[in-house]
Amino acid sequence: MAATDPAARAAIPAPPLAFPFSAIVAQDEMKLAILIAAVDPSVGGVLVLGDRGTGKSTAVRALAALLPRMKAVIGCPYHCDPQAQASACPVCAQNKARKSHLVPVPVVDLPLGATEDRVVGALDLERALSQGVKAFEPGLLARAHRGFLYVDEVNLLEDHLVDLLIDVAASGENLVEREGLSVRHPARFVLVGSGNPEEGELRPQLLDRFGLSVEVSTPRELPARIEVVRRRDAFERDPQGFVAQWAKADDKIRRNLVRARDRLGNVAVGDEILENAARLCIALGTDGLRGELTLMRAARALAALEGQNAVSVGQLRRVAVPALRHRLRRNPLDDTGSGVRVERAVSELLGN
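Heads up: the sequence shown at position 191 corresponds to 191 in the numbering used here, and the numbers run straight through without jumps.
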């Protein structure tokens, strides 16, 4: 039966409903970091580390349902932006009369056991065997273009896939050369990773590619634990009813996200903010200038989310820990956590 047959389409099960973003209890730092990355992808992605069962993957999958739809070229496997000629794929670059439609922003899972061919793409064997044509079958990186690539248990990812992600994240392009094919296509995405630090550490090269790093833990307060269990049980008993119950709250976040994106380009970052960001990074001994850049971009996105036209010291203070905790060198004479060290420097330099 053909895939276009109405009966065949009806037989395809609908994707499962995602737990509403607004219904996630606590974990405020994680939710804010994800929203900041959604407002300004140049922040560089989000790393979420913590205990199992603390809502890490739930928050990322809830984001997919929260994001407003985007314009994409009809029929393009990379869902190119019809108004961005410079970053178009080779096919769209040659097509001047490009028609567009609205599609969901992709949030693509990269499973731990994925092969390299599945990630980067490979020769379309079906067309090669049936038609004798060498055609490229796009992989997960192509699907994630202009969206989010989510890697659960990112600290357990195989080294060769880590190398791929580092290269593509740095260049914004995926180059595939194999089986007589040579394909280059855009692959710009927000990288989101989660994992349990007790199961292994990330390679420093990959860790440095994440703009923000947040830590989540199991709630210790009795009311919060009870509320988590109550909401999860209500969602599993009646997913549609639960999603409908939180639809207004999610829609409010979605509208604010759209406004923040529109406002972002007009948010001013004063010299005082840049000076404070540099002073923080110098005091903490961070390498390179990614710390200052991430601080500036994250604070600007936060200001846009909060409807402000200029970044305040308070907003810089709020993003300092997730922007810098993973950029600190280990100090054998200081056994406190990296987040505590950042908070201490923020308190000393920027006040309470």
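The beta-carbon is built from N, C-alpha and C at its ideal position, and this holds for glycine as well.
Residue i burial status per 10 Å Cβ neighbour count (16 or more: buried)
{"i": "residue 101", "result": "exposed"}
{"i": "residue 194", "result": "buried"}
{"i": "residue 4", "result": "Legend: pLDDT at residue 4 = 44, less than 50; position of this residue unreliable, value from coordinates given subsequently. Exposed, by the Cβ-count rule."}
{"i": "residue 338", "result": "buried"}
{"i": "residue 90", "result": "exposed"}
{"i": "residue 52", "result": "exposed"}
{"i": "residue 55", "result": "buried"}
{"i": "residue 6", "result": "Residue confidence for residue 6 is low, a pLDDT of 45 falling below 50, so the modelled location carries little weight and cannot support an answer."}
{"i": "residue 353", "result": "The displayed coordinates of the chain run from 1 to 352. Any statement about residue 353 would go beyond what the structure contains."}
{"i": "residue 175", "result": "exposed"}
{"i": "residue 84", "result": "exposed"}
{"i": "residue 121", "result": "buried"}
{"i": "residue 346", "result": "buried"}
{"i": "residue 309", "result": "exposed"}
{"i": "residue 330", "result": "exposed"}
{"i": "residue 94", "result": "exposed"}
{"i": "residue 170", "result": "exposed"}
{"i": "residue 263", "result": "buried"}
{"i": "residue 226", "result": "exposed"}
{"i": "residue 98", "result": "buried"}
{"i": "residue 332", "result": "At residue 332, the pLDDT of 49 sits below 50, so the modelled position is not reliable; the number obtained from the coordinates is stated separately. By the neighbour-count rule (16 or more Cβ atoms within 10 Å), residue 332 is not buried but exposed."}
{"i": "residue 72", "result": "buried"}
{"i": "residue 36", "result": "buried"}
{"i": "residue 348", "result": "exposed"}
{"i": "residue 141", "result": "buried"}
{"i": "residue 74", "result": "exposed"}
{"i": "residue 202", "result": "buried"}
{"i": "residue 11", "result": "Model confidence at residue 11 stands at a pLDDT of 45, short of 50, so the residue's coordinates are unreliable and nothing is read from them."}
Residue from the options with nearest C-alpha to residue i
{"i": "residue 63", "options": "322, 273 and 21", "result": "21"}
{"i": "residue 103", "options": "110, 123 and 144", "result": "144"}
{"i": "residue 325", "options": "272, 291 and 300", "result": "291"}
{"i": "residue 185", "options": "306, 138 and 229", "result": "138"}
{"i": "residue 123", "options": "136, 155 and 256", "result": "136"}
{"i": "residue 197", "options": "222, 157 and 36", "result": "157"}
{"i": "residue 261", "options": "273, 307, 154 and 238", "result": "307"}
{"i": "residue 299", "options": "288, 286, 289 and 274", "result": "274"}
{"i": "residue 259", "options": "182, 168 and 38", "result": "38"}
{"i": "residue 199", "options": "34, 182 and 152", "result": "152"}
{"i": "residue 154", "options": "57, 224, 318 and 272", "result": "57"}
Cβ pair residue i, residue j closer than 9 Å
{"i": "residue 40", "j": "residue 234", "result": "no"}
{"i": "residue 211", "j": "residue 187", "result": "no"}
{"i": "residue 228", "j": "residue 25", "result": "yes"}
{"i": "residue 148", "j": "residue 204", "result": "no"}
{"i": "residue 302", "j": "residue 313", "result": "no"}
{"i": "residue 320", "j": "residue 350", "result": "yes"}
{"i": "residue 68", "j": "residue 257", "result": "yes"}
{"i": "residue 328", "j": "residue 344", "result": "no"}
{"i": "residue 206", "j": "residue 166", "result": "yes"}
{"i": "residue 276", "j": "residue 316", "result": "yes"}
{"i": "residue 23", "j": "residue 237", "result": "no"}
{"i": "residue 353", "j": "residue 150", "result": "This structure does not reach residue 353, given that the chain is present from 1 up to 352, and the question cannot be answered."}
{"i": "residue 87", "j": "residue 297", "result": "no"}
{"i": "residue 250", "j": "residue 65", "result": "yes"}
{"i": "residue 286", "j": "residue 44", "result": "no"}
{"i": "residue 189", "j": "residue 220", "result": "no"}
{"i": "residue 177", "j": "residue 183", "result": "yes"}
Minimum Cβ-Cβ distance from residue i to chain C less than 9 Å
{"i": "residue 214", "result": "Annotation note: the requested chain C is absent from the structure, which comprises a single protein chain."}
Counterpart residues of residue i in DSSP-defined beta bridges
{"i": "residue 317", "result": "Answer is none; residue 317 lacks a bridge partner."}
{"i": "residue 149", "result": "108 and 191"}
{"i": "residue 180", "result": "Residue 180 pairs with nothing; no bridge assigned."}
{"i": "residue 268", "result": "310"}
{"i": "residue 138", "result": "121"}
{"i": "residue 99", "result": "DSSP output for residue 99 lists no bridge partner at all."}
{"i": "residue 70", "result": "103"}
{"i": "residue 158", "result": "DSSP lists no partner for residue 158."}
{"i": "residue 349", "result": "According to DSSP, which records beta bridges pairwise, residue 349 is partnered with nothing at all."}
{"i": "residue 175", "result": "184"}
Exercise. Is the stretch 14-26 touching the stretch 155-164, taking contact as three or more C-beta pairs under 8 Å?
Worked result: No, the stretch 14-26 is not in contact with the stretch 155-164.
Problem set entry | Touching by the beta-carbon criterion (3+ pairs, under 8 Å), the stretch 33-53 and the stretch 209-222 | Flag = yes, the stretch 33-53 and the stretch 209-222 touch.
For this session: Check whether the stretch 252-269 touches the stretch 278-288, taking contact to mean three or more Cβ pairs, one atom from each stretch, closer than 8 Å.
Result: Taking 8 Å as the limit for Cβ pairs, the verdict is that the stretch 278-288 does not touch the stretch 252-269.
Exercise. Is there contact here, the stretch 67-86 with the stretch 241-252, by at least three beta-carbon pairs under 8 Å?
Worked result: no
For this session: For the stretch 113-121 and the stretch 24-33, state whether three or more C-beta atom pairs, one from each stretch, are separated by less than 8 Å.
Result: no
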